[in-house]
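> Pasting a structure below so you can have a look.
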Ligand code: UDP
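In structure tokens, the structure reads:
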């Protein structure tokens, strides 16, 4: 195996990242490129779990005036659509995958069963977790933290549209400064909008490091698992 720092990783891909420049829906050029990057790390022996967001299709908070729970279930379904898209892109290039969903949809995917997920990972299959946690009022960042703890992942790779965590929005402020390293407590104290506080707390309590990095730069996933300094590392 090539030199890698981690053995089992949890990759969180936001819905926004899958939308590419369109800002909505799925850009298959992007999905195919992400799949290719995942293939590279699977080929060198890494075990990969992936959680996909749904914000490119629907977010619970878009449902103004709606019952929040219903709006959130719509969001969870959106993540399942993305999970199937990523599965398709991966399988097109010969990566064996399983989609497991937090809400049962047996004709489409396996239900989430931790032991089964672990077995798939051991066999080198990429496991894509759809449907979030299966509960309203949560996010897919929290899902990534939860599933990472459950599958005993060594690290969460949080793929974003920006190349790390900044003190303010780098798209709006030219003088925004990027952090190389942060502690969980700093993320919470400074109220940095990198992931929600539930997800950050879960990672802190379970001591799961998070690498926040940009997906637009090809090769970043491999760099991150090789321990190369990219983006921002959040840890103890
Ligand atoms: N969602 C939920 N419970 C979960 C995960 C997701 O209710 O455990 C819903 C929620 O409405 C959220 C939507 O699914 O807005 C899409 O997920 P998220 O916003 O985390 O996607 P991302 O921002 O990563 O694209």
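Residue numbers (our numbering): 56 to 291. The C-beta atom is built at its ideal place from N, Cα and C for all residues, glycine as well.
State yes or no: is the C-beta of residue 116 nearer than 7 Å to some heavy atom of ligand 1?
Yes.
> In terms of residues, what are the limits of the beta strand (DSSP E) holding residue 153?
Taken as a continuous stretch (DSSP letters only), the beta strand (DSSP E) holding residue 153 covers 152-156.
> Can you say whether residue 121 is buried or exposed, counting buried as having 16 or more other CB atoms within 10 angstroms of its CB?
When all chains shown are included, residue 121 counts as exposed.
> Using 8 Å for Cβ pairs, my map puts residue 193 next to residue 253. What's the rounded Cβ distance?
Rounded, the Cβ-Cβ distance is 7 Å, consistent with contact.
> Tell me whether residue 250, by its Cβ, gets closer than 7 Å to a heavy atom of ligand 1.
Checking the Cβ of residue 250 against ligand 1 gives no.
> Can you give the Cα-Cα distance for residue 126 and residue 113, rounded to whole angstroms?
When rounded, the distance between both Cα atoms is 8 Å.
> Counting along the chain, where does the alpha helix (DSSP H) carrying residue 67 start and finish?
Note, residue 67: premise wrong, no alpha helix (DSSP H); beta strand (DSSP E) at 63-68.
> Could you tell me which whole beta strand (DSSP E) segments of length 3 or greater appear in the segment 179-238?
Fully enclosed beta strand (DSSP E) runs of 3 or longer: 181-185, 210-215, 236-238.
> Just mark residue 234 as buried or exposed, buried being the case when its beta carbon has 16 or more other beta carbons within 10 Å.
Buried, since its Cβ has 16 or more Cβ neighbours within 10 Å.
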